[in-house]
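Basically the working numbering = 1-based index in the sequence shown + 15. Backbone N, C-alpha and C define an ideal beta-carbon position, used for all residues, glycine too. The structure appears right after this line, and notes come after that.
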Amino acid sequence: MTVVIQINKLQAASFDKLNNLLEKWGSHYNFLNQILSNAITSGGIFQHNIACRLLKAYAKLNKLAEARKVFDGMPNPDVGSWTSLQNLYLNIKQPMKALMLFSRLVSSDFAKPDCHSVVAALSACARCKDLNNGRIIHGMVYKCLETLRPNVHNALIDMYGKNERVDLAERVFSSINFKDVAIWTSLLNGYLLNGDIESAKGVFDEMPQRNVVSWTSMIVGYVRKKNPIEALQLFTKMRNQDVEGHCNPTTVTIVALLSGCADIGALNLGGSIHGYINKRIGFLLDVTVNNALIDMYGKSGSLDSAVKLFDSMRKKDLFSWTSMISSLALNGRGKHALMVFNSMVEAGMAPNKVTFLSVLSACSHAGLVIEGERLFETFVTNYHMKPHIEHYGCMVDLFVRAGCLEKAIRLIEGMPMKPDAVIWRSLLGACLEHGNLELAEVAGKKVLELEPDDDAVYILLWSVYRSKNRWEDALRAMKMMRDQRIKKTPGCSWIEVNGVVLEFLAEAPGHHINDSILIVLNGMIKQSKNLIAEAAQSDWGSRLLKRTRNLDAKSYPGLSSKQPTHLSLCFILLSIFYINSSLSAAAQKPSPVLDIAGNELRAGTDYYILPVIRGRGGGLTLDSIGNRTCPLDVVQEQLEVENGLPLTFNPVNSTEDIVRVSTDQNIIFSASSICVQTTVWTLYFDESIGRYFVTTGGVAGNPGRETIRTWFKIEEYEGHYRFVYCPSVCDTCRVVCGEVVIFLQDGKRRLSLSLTDVPFMVMFRKA
Numbered sequence: 016m017t018v019v020i021q022i023n024k025l026q027a028a029s030f031d032k033l034n035n036l037l038e039k040w041g042s043h044y045n046f047l048n049q050i051l052s053n054a055i056t057s058g059g060i061f062q063h064n065i066a067c068r069l070l071k072a073y074a075k076l077n078k079l080a081e082a083r084k085v086f087d088g089m090p091n092p093d094v095g096s097w098t099s100l101q102n103l104y105l106n107i108k109q110p111m112k113a114l115m116l117f118s119r120l121v122s123s124d125f126a127k128p129d130c131h132s133v134v135a136a137l138s139a140c141a142r143c144k145d146l147n148n149g150r151i152i153h154g155m156v157y158k159c160l161e162t163l164r165p166n167v168h169n170a171l172i173d174m175y176g177k178n179e180r181v182d183l184a185e186r187v188f189s190s191i192n193f194k195d196v197a198i199w200t201s202l203l204n205g206y207l208l209n210g211d212i213e214s215a216k217g218v219f220d221e222m223p224q225r226n227v228v229s230w231t232s233m234i235v236g237y238v239r240k241k242n243p244i245e246a247l248q249l250f251t252k253m254r255n256q257d258v259e260g261h262c263n264p265t266t267v268t269i270v271a272l273l274s275g276c277a278d279i280g281a282l283n284l285g286g287s288i289h290g291y292i293n294k295r296i297g298f299l300l301d302v303t304v305n306n307a308l309i310d311m312y313g314k315s316g317s318l319d320s321a322v323k324l325f326d327s328m329r330k331k332d333l334f335s336w337t338s339m340i341s342s343l344a345l346n347g348r349g350k351h352a353l354m355v356f357n358s359m360v361e362a363g364m365a366p367n368k369v370t371f372l373s374v375l376s377a378c379s380h381a382g383l384v385i386e387g388e389r390l391f392e393t394f395v396t397n398y399h400m401k402p403h404i405e406h407y408g409c410m411v412d413l414f415v416r417a418g419c420l421e422k423a424i425r426l427i428e429g430m431p432m433k434p435d436a437v438i439w440r441s442l443l444g445a446c447l448e449h450g451n452l453e454l455a456e457v458a459g460k461k462v463l464e465l466e467p468d469d470d471a472v473y474i475l476l477w478s479v480y481r482s483k484n485r486w487e488d489a490l491r492a493m494k495m496m497r498d499q500r501i502k503k504t505p506g507c508s509w510i511e512v513n514g515v516v517l518e519f520l521a522e523a524p525g526h527h528i529n530d531s532i533l534i535v536l537n538g539m540i541k542q543s544k545n546l547i548a549e550a551a552q553s554d555w556g557s558r559l560l561k562r563t564r565n566l567d568a569k570s571y572p573g574l575s576s577k578q579p580t581h582l583s584l585c586f587i588l589l590s591i592f593y594i595n596s597s598l599s600a601a602a603q604k605p606s607p608v609l610d611i612a613g614n615e616l617r618a619g620t621d622y623y624i625l626p627v628i629r630g631r632g633g634g635l636t637l638d639s640i641g642n643r644t645c646p647l648d649v650v651q652e653q654l655e656v657e658n659g660l661p662l663t664f665n666p667v668n669s670t671e672d673i674v675r676v677s678t679d680q681n682i683i684f685s686a687s688s689i690c691v692q693t694t695v696w697t698l699y700f701d702e703s704i705g706r707y708f709v710t711t712g713g714v715a716g717n718p719g720r721e722t723i724r725t726w727f728k729i730e731e732y733e734g735h736y737r738f739v740y741c742p743s744v745c746d747t748c749r750v751v752c753g754e755v756v757i758f759l760q761d762g763k764r765r766l767s768l769s770l771t772d773v774p775f776m777v778m779f780r781k782a
């Protein structure tokens, strides 16, 4: 009501009052419209200051029509007004118009470009891939601008990077005397956009300072290269080095990591990221992060986890519903996906084209032809959506999977756009399955017209001809492939084992157990062919074989020792056999100690030892207690943000480099001491207090019974770890046993030995 009263008094108000009103209510669209109409009737629109404020306010709200009305009514717009309108065009994804506006500014008699207008113009060149105008503007800035600010350099590097001229971006970068973190990050992004991950890593390693944008850019780069393991390791390094909390991961960082895990189905890696999310309430309640988790679990085969997470979400957006539908579709739960879609509609959520595609995919995977046809019609008639080629492709896939080849052909012939190779390839595969040679030839030729280098089409045609004993045609297909020098692309399959992605390539020896895999696989193939031959003798068996491939048992193409999927399957079978045959040994072998990223602790590697309970000090370091002059005593940092000094673990009586629970270890500070003593942990008995304390100065290794005070163990405790002193390598030694606890003395948190106090619960983070 107050706003309305002020507006009514506006005609008599001074320009100062109008300015004050704009400053206070400038973000309210309806208010701006009232100001605009009143300003026009009172002549205020021609007052320069008022017009500039109105224009900037409309530009911030992305209201183009109103902003143009103000701008066109200004007799002599200043450079700030030109720039505001340029940025508005950029915000509404019209970079060409922003560039045209800059061209008008350059030729204007009343205003000249400044740094901000140049940056907007360069951003437009970057977005619309206009290298020529970008280079012209680059040459112009040296003439028009007396000094180049960092934002201009940054925009130049960004423009060249997005126009695939990283060499020119490097030149600009090299010419800059003072490079801030934004300029370094722009060059980094230039390499990443052009797929040069190695050069990007080189820039990243050289950066004198990094912010969350640079860390996230590098993580996203690894994800795009299908390397989520490197991305996760970089994420861990980011957290370890961010002592002061200046590089806290953003939603973009977390979503990128989860997307990378989803792409290769790395469930364990994705689960470790979920564990990190659970400790941060901000991420835990973020809808975008939860959507990415649903997608990751769905694509990694953990559908129950995806459903559980989806059901627990208090707030769901359209992407939440679509991710859940897509996950159900991928896992063959078509009817469940349709139920979720119906629930989404009942909740008042309107589907978009991605939802449309996910639902049709669910019908396709589940063979729900009638439901798919009904939904396709519903999306067109009820939701007034214009199907894209992907939607038609999904419908074709639905029909051919169900054997409805005639329906598929009718749909293809009635498409408003030209079918792509994906659609024809889908039809070709169905023709192979159902033995429709004539249609297969048509589909195959269509694919080769669109993608003449597609080796898979020649292979499929060869299979079709061979199935009909048309050997001349089959050989002709192979000859065409050879004449055009097209080689069969090796198939690829991969699985994740303990956070490591193993890749299997067809006809690619060299894997550490490939010989064993091939032996097992050839044996399985031999047995399978015998079973197929036996089945072919019966009526039901021959009908089944005809329905599946229409091929005889001797030439059954699905049985090959060169297919990567079969190689990976045999690796899994061999792994299961190895695990089962080693159960007794594994039961006796202690489990490895894991760091906070879920990786095994390795001997000789630097780690920070941090408390599990927050708010009770930081990592471990060295200090001097009492009358000592050398810092020999192991103490805990007072501040939680302090990581302390890195340490290494060396198993006393073991040849492997894995640190395991319940085994004796030498624990050593990596940093050298100013004293002559070593930094190896040992026990010291303080007679004045009557307690054992952890100090340094011990002897590493196992030279004799006199060194047993340097042997400590790591034990599991309430889901975390604790330190224990109770050596087991010396059967004849009589030693005191106890848990390592925190003992407060003179304001310092010392590590001490006790049988009754609460143990010091720790976790390990790689330094």
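Considering only C-alpha positions, which residue in the set the options is nearest to residue i?
i      : options                           : result
Ser122 : His131, Met155 and Asn147         : Met155
Ser769 : Leu759, Gly753, Tyr73 and Gln760  : Gly753
Asp326 : Asn306, Glu733 and Met253         : Asn306
Gln653 : Lys194, Lys763 and Ile65          : Lys763
Gly633 : Tyr237, Tyr707 and Gln651         : Gln651
Asn106 : Leu76, Pro90 and Pro646           : Leu76
Glu733 : Thr694, Arg706 and Met776         : Met776
Ile152 : Asn102, Val360 and Val133         : Val133
Arg68  : Pro90, Ser96 and Ala80            : Ser96
Lys314 : Ser287, Arg329, Asn658 and Leu345 : Leu345
Pro165 : Val94, Ala136 and Asp195          : Asp195
Where residue i and residue j are concerned, what is the direct C-alpha to C-alpha distance, given to the nearest angstrom?
i      : j      : result
Ala686 : Thr636 : 10 Å
Leu660 : Tyr736 : 19 Å
Gly59  : Asn48  : A caution first: Gly59 carries a pLDDT of 48, below 50, which makes its placement in the model unreliable, though a value can still be read off. When rounded, the distance between both Cα atoms is 13 Å.
Leu372 : Gly285 : 25 Å
Ser669 : Thr678 : 9 Å
Ala4   : Phe664 : In the structure as shown, the chain begins at 16 and stops at 782. Residue 4 is therefore absent and cannot be evaluated.
Ser599 : Ile682 : Bear in mind that the predicted position of Ser599 carries a pLDDT of just 45, short of 50, making it too unreliable to give a figure here.
Leu463 : Val472 : 7 Å
Leu203 : His289 : 28 Å
Phe779 : Leu333 : 39 Å
Asp310 : Leu247 : 18 Å
Gly236 : Ser274 : 12 Å
Lys422 : Thr251 : 52 Å
Asp648 : Ile624 : 15 Å
Leu454 : Ile279 : 35 Å
Quick one: using the 10 Å Cβ neighbour count with 16 as the cut-off for buried, is residue i buried or exposed?
i      : result
Ala141 : buried
Trp13  : No answer is possible for residue 13: it lies beyond the span of the chain, which begins at 16 and ends at 782.
Lys71  : buried
Gln224 : exposed
Ser597 : The predicted position of Ser597 is uncertain, since its pLDDT is 46 and thus under 50; a value taken from the coordinates is nonetheless stated next. So Ser597 ends up on the exposed side.
Asn484 : exposed
Ser338 : buried
His399 : exposed
Ile172 : buried
Ala139 : buried
Gly525 : With a pLDDT of 46 at Gly525, under the threshold of 50, the modelled position of that residue is not reliable, and no figure is offered here.
Lys728 : buried
Phe13  : Past the boundaries of the shown model lies residue 13; the chain is included only from 16 to 782, so the question cannot be answered.
Lys331 : buried
Tyr740 : buried
Asn169 : buried
Met111 : exposed
**OP:** Kindly provide the ranges of any beta strand (DSSP E) runs that are 3 or more residues long and lie completely inside the segment 672-733, ordered along the chain.
**Re:** 680-684, 696-701, 706-711 and 728-732
Original post:
Whole beta strand (DSSP E) runs in the segment 59-85 with 3 or more residues, listed along the chain?
Top reply: none
Subject >> Length at least 3, wholly inside the segment 110-187: the beta strand (DSSP E) runs in chain order >> reply: none
Subject >> Inter-stretch contact (C-beta, 8 Å, three-pair minimum) for the segment 432-443 and the segment 404-424 >> reply: yes
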